[in-house]
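Protein chains in written order, with our numbering: chain C, 13 to 554; chain W, 287 to 543.
The block underneath contains the structure these notes are about, expressed in structure tokens.
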Amino acid sequence: MNLNIKNNIEIILYKFFKLILVVVLRRNGDVLPLYLLRKFDKNLVDNFAKDINAINIPVIIITGTNGKTTTTNLIASCLNNAGSKVCSNVNGANMINGIFGSIIGCYSFNGKFNADIIVIETDEKVFPYVISKINPDIIVITNFYRDQLDRYGEVNTTMLNIKNSIKSLKTYPVLILPTNEPLASFVGFNTKNKKLHFNFKSIKKLSDKLDDIDITEVFGVSVKKNSGNIAFTDAVSCPQCGSILSAEFNDKYAIIKYYCNSCGYKSNISDIEAEILEDDYLNFSFNNTEEFFSKIKSNNISDMQNNINKSYYSNYSNNSIGANDANCKNNCDIHNANTSNHIINNINKNFSFKPSIQGYYNILNYMAAFLVVKYYGLNDEIIKISFENYFTKFGRSFKKTFKGVEYNVDLVKNPSGFNNVLGKIFEKNNYINALFAFSDRDADGRDVSWIWDVNFEKYIDKFNNIIITGLRPYDMAIRLKTAGINAEKIKVNYNVGKALYEIINISNNDVNNNNITDDKKLSRIYIFSTYTELSNLEKIIV
Amino acid sequence: MNYNLNLNAIDLYPEIMNIYGDRGNMLYFKYRASLYGITVNIGSCSIGEKFDTDKTDIMFIGGGQDSEQALIYKDFITNKKNALKDAKDAGKIMLSICGGYQLLLNYYKTLDNKIIEGISIFDGYTAAEPKKPRLTGNIASAFKDKIIVGFENHSGRTYLSESQQNFGKVLFGFGNNGVDKTEGAISNNFYGTYMHGSILPKNFQFCDIIIDTAVKNKYKIALNEIIKKNNINIDNNFEINARKDIRDLKKIINRTI
């Protein structure tokens, strides 16, 4: 027990502040309580971090530019369904106050930590600090794309800071990395850490070289072939030697392989690969189940696996789901049998499910989450149930129907993320009525230049009517006008509520006048919001 | 339209010098020129490629990541230097932003005191000064009777020689180095600046100045004449309001110089 009396009082105060904020003031109380407490106790983070390290419970840290919140929530949801008590910052408060607030919130009043596992999404900038305090068992890196350059600086620097902070640890957390993204993957390059990799399945090869490919779109990166062969990517230079990288793409224009002809840095072989099946089903296939098992079979993780499996086992022992598959490794006091073979048998070569969230980019988030929970021995059924019934968080492929209006809300904060969201929406829609909530507060990124790297030109015929709100609506208006969208279709209203009301009216009229053909007579609204406007919208919509 | 006007633009290293949304300059230039009945063809010129100065009216280069800018230094000297110098002397237009601007100065001194040679279009140099903070934020400067606004984000500090004309006097923000109140540089019709935003859509009047220079260069006709003869009326409502939305610059934007 590393906590002192002061810390115990802090737990009480934290819960009290949070209660006041959430219940009385109806605000989200994720950040402020800890902000206040830290003003009075500079050692607060250190003390709680020491306590967490001492009780030795598994910690999973998720970081990267896009997909952190979704990946974190997918993992937490699987573990919850498996019966674990999960401590997580599921609301996406991923700076120091949000992270340690979530942790302190999981303590009971007597100072005992009341969760089996910690799943924390971490902002890229505070990641080095967080892992220097709390020992992670697993680190998931989703991807690195350019993001709010005024806050983060250049993306290579962000990546190197993260890589170096992992290297400087005394322990060797397992790294879960995409092999389709050269910067994220580089975090694991030349490290002693155990690594698990994921990627799309290679289906069709389009070209050998990143620099001479004639493309109009590359997944995950902002690409525009406007006039002349212009391809924009976020990582053209080799993170190891600085030469130009070559890459191969699949039929969806996702990078599936890259290599450096100068120094030999190249994409790793993946542990799992994803493939889209018929009827929107997804299949993850292991490259080599035995090799995967050998990677996850190690002494220092058996404790964590036991931890999960204990609760998993006790939760499901009376339930048909997974009762027979409960995996306990040696030393497991509930399940004494020597079950290492059992686990091998339990890793199926293929895992298929129907994802509850759409979007090609979400496949990567599903894969990262899948590797994490497979690492802890969760069985396929639990994962399938969790993945198929996963409810999206507000702003992450969020969808809600209320009084004949379908609200679709996506957070947009950088070019790659925005392009992904547009790709997802226009895969299934001919044209849409859209609300843009666009601001430049610190958390949004104060520089609005990034919208010029979003490929709106590709979709100019697909926007029906547009209302823009937020603090910087006219910057977005110019961007959309320049892309070729008729300026008369673009209206601005600084008031978020009124702007929403306006677009609903327009959309309802469209449906009533059969301007938009929809067999369900449903009025659909698509909302693109920067970070700080999300909470304003959430108050109105949810 | 009484005219069939065409301008040729070149985007330098589009796949490398592209991280701060500076391609918005080209997109907006093309868009705005189209309102005046002028067609803009945009071509690209990357590593190992050359371009024909005579056939080019305007060149664009944006900012890149330090790690990626290193890819182009050699090529810039070998394949672009002479063409750009000729272009400058011929009165052609160039808009260079941030990292691209730094390449047009005499040299860049890196953190480890290495000198990276520039092409000396502008007389001055840039130094990485690691102990000083990054210069980031909204910025406004005075250029002739216009207020130019944008967003700067650079760690390198640029010092111009006394004889080198700057692009603007800083009214808010940092500019070249945060000390001497200069922002960017001008030489003939070559512009260097730290402003992202992108700068042209943020400053439609400056965009018009560039279009005016381009049509005067190529067709010996002023933009005003084109506007008058064709009775062109442009709605600048979005553009004007976007400038007013920049809260940091509220007091400056309505000022007249």
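Glycine included, each C-beta is placed from N, C-alpha and C at the ideal position.
**Q.** Contacting residues, own chain, Cβ-Cβ under 6 angstroms from C:F270 (five flanking each side not counted)
**A.** Reading off the sequence shown, one finds Tyr at residue 270 of chain C, where the question assumed Phe. Cβ neighbours of C:Y270 beyond the five flanking positions: P194, L257, A259, S279.
Q.
I'd like to confirm the pairing. Which residues does DSSP put opposite W:M345 in its beta bridges?
A. Note: W:M345 sits in a beta bridge opposite W:I296, W:M380.
Q) Got a sec, what are the start and stop residues for the beta strand (DSSP E) W:A410 sits in? A) The question names Ala, yet the displayed sequence has Gly at residue 410 of chain W. Per DSSP, W:G410 belongs to the beta strand (DSSP E) from 410 to 414.
(Q) Would W:T479 and W:Y411 qualify as a contact pair, given that the criterion is a beta-carbon distance under 8 angstroms? (A) Cβ atoms of W:T479 and W:Y411: not closer than 8 angstroms.
Q. If you draw a straight line from the C-alpha of C:L376 to the C-alpha of C:G117, how long is it?
A. Roughly 30 angstroms separates the two Cα atoms.
**Q.** Burial state of C:R38 (16 or more Cβ within 10 Å)
**A.** Within 10 angstroms of the beta-carbon of C:R38 lie fewer than 16 other beta-carbons, which makes it exposed.
Q. Between C:M379 and C:I284, is the Cβ-Cβ spacing less than 8 angstroms?
A. Less than 8 angstroms divides the Cβ of C:M379 from the Cβ of C:I284.
(Q) Does the CB of C:A196 have a neighbour CB from chain D at under 8 angstroms? (A) Chain labels in this structure do not include chain D; the protein chains are C and W.
Q.
Can you give me the C-alpha to C-alpha distance between C:L294 and C:K501, rounded to a whole angstrom?
A. Computed Cα separation, rounded: 38 angstroms.
(Q) Can you tell me whether W:Q451 is buried or exposed? The criterion is at least 16 other CB atoms within 10 Å of its CB, across all chains shown. (A) Under this definition W:Q451 is an exposed residue.
(Q) If contacts are defined as beta-carbon pairs under 8 angstroms, then C:N205 and C:N192 qualify, I think. What distance do you get, rounded to the angstrom? (A) Here C:N205 is actually not in contact with C:N192; their C-beta atoms are around 19 angstroms apart, not less than 8 angstroms.
Q. So, using beta-carbon positions, are W:I407 and W:S473 closer together than 8 angstroms?
A. In this structure, W:I407 lies near W:S473, with their beta-carbon atoms less than 8 angstroms apart.
**Q.** C:I151 - containing beta strand (DSSP E), residue span
**A.** 150 to 153 is the extent of the beta strand (DSSP E) around C:I151.
Q) Under a CB-based cut-off of 8 angstroms, is C:K221 close to chain W? A) Caution applies to C:K221, whose pLDDT of 44 falls short of 50 and renders its modelled position unreliable; the model cannot decide the point.
Q: Run down chain C in chain order and give the residues with a C-beta less than 7 angstroms from the C-beta of W:N439.
A: Taking the beta carbon of W:N439 as reference, the chain C residues within 7 angstroms of it are L161, D162, D459, listed in sequence order.
Q | Interface residues of chain W facing C:L483 [CB-CB closer than 8 angstroms] | A | Result: D531, R533.
Q) Quick one: Cα of C:N311 to Cα of C:V424, how far? A) For C:N311, the predicted structure reports a pLDDT of 41, less than 50, and the residue's modelled location is therefore unreliable. A value from the coordinates is still provided. Between C:N311 and C:V424, the C-alpha separation is close to 42 angstroms.
Q) C:A499 touches chain W at which residues, Cβ-Cβ below 8 angstroms? A) What C:A499 touches in chain W, judged by beta-carbon distance under 8 angstroms, is D521, F524, going in chain order.
Q | Whole-angstrom distance between W:G307 and W:I539, CA atom to CA atom | A | For W:I539 and W:G307, the gap between their C-alpha atoms comes out near 23 angstroms.
Q. What residues in its chain sit with their C-beta under 7 angstroms from that of W:I494, if we drop five residues either side in the sequence?
A. For the sequence presented, residue 494 of chain W should be read as Asp rather than Ile. For W:D494, where only same-chain residues beyond five positions count, the Cβ hits under 7 angstroms are L509.
Q: Pick out whichever of C:G482, C:I437, C:D456 has its Cα sitting closest to the Cα of C:K470.
A: Among C:G482, C:I437, C:D456, the Cα nearest to that of C:K470 belongs to C:I437.
**Q.** Near the ligand HEM: W:Y445 beta-carbon under 7 angstroms from a heavy atom
**A.** In the structure on display, the ligand HEM does not appear, and there are no ligands present to speak of.
Q | Simplified DSSP assignment, three categories, for C:G110 | A | Helix, per DSSP.
Q: Could you list the residues in the stretch 477 to 502 of chain W with a C-beta less than 7 angstroms from some C-beta on chain C, going in chain order?
A: For the stretch 477 to 502 of chain W, residues whose beta-carbon sits nearer than 7 angstroms to a beta-carbon of chain C comprise H482, G483, S484, P487.
Q.
List, in chain order, every chain C residue whose beta-carbon is nearer than 7 angstroms to that of W:N283.
A. As displayed, chain W neither begins before 287 nor continues past 543, which places residue 283 of chain W out of reach and without an answer.
Q) When you compare only the Cα positions, how much space is there between W:L321 and W:I520? A) If you draw a straight line from the Cα of W:L321 to the Cα of W:I520, it comes to about 7 angstroms.
Q | Backbone CA spacing between C:K405 and C:K551 [nearest angstrom] | A | Rounded to the nearest whole angstrom, the CA to CA distance from C:K405 to C:K551 is 14 angstroms.
(Q) Taking a contact to mean a Cβ-Cβ separation below 8 angstroms, would you say C:F7 touches C:L46 in this structure? (A) An answer regarding residue 7 of chain C cannot be provided, because it is not within the stretch 13 to 554 covered by chain C.
Q | Interface flag, W:Q443 vs chain C, CB-CB below 8 angstroms | A | In the sequence as displayed, the identity of residue 443 of chain W is Arg instead of Gln. So no, W:R443 is outside the interface.
Q. W:S353 touches chain C at which residues, Cβ-Cβ below 7 angstroms?
A. Against chain C, the beta carbon of W:S353 has neighbours under 7 angstroms at N168, S249, G254, listed in chain order.
**Q.** Best match in W:N463, W:I496, W:L457, W:E438 for proximity to W:S447 [C-alpha to C-alpha]
**A.** When only C-alpha atoms are compared, the closest one is W:N463.
Q) So, are the CB atoms of C:S535 and C:E418 less than 8 angstroms apart? A) With a cutoff of 8 angstroms on beta-carbon distance, C:S535 and C:E418 are scored as near each other.
Q.
At the level of alpha carbons, what is the spacing between C:G79 and C:K440?
A. Taking the straight line from one Cα to the other gives about 21 angstroms.
Q. By the 10 Å Cβ neighbour count, where 16 or more other Cβ atoms means buried, how is W:G377 classified, buried or exposed?
A. Burial call: exposed.
**Q.** Uninterrupted alpha helix (DSSP H) stretches inside the stretch 360 to 429 of chain C (no shorter than 4 residues)
**A.** Secondary structure in the stretch 360 to 429 of chain C: the alpha helix (DSSP H) runs of 4 residues or longer, each lying completely within the stretch, are 372 to 387, 392 to 400 in chain order.
Q | Span of the beta strand (DSSP E), counted from its first residue to its last, around W:F429 | A | Segment 421 to 429, the beta strand (DSSP E) holding W:F429.
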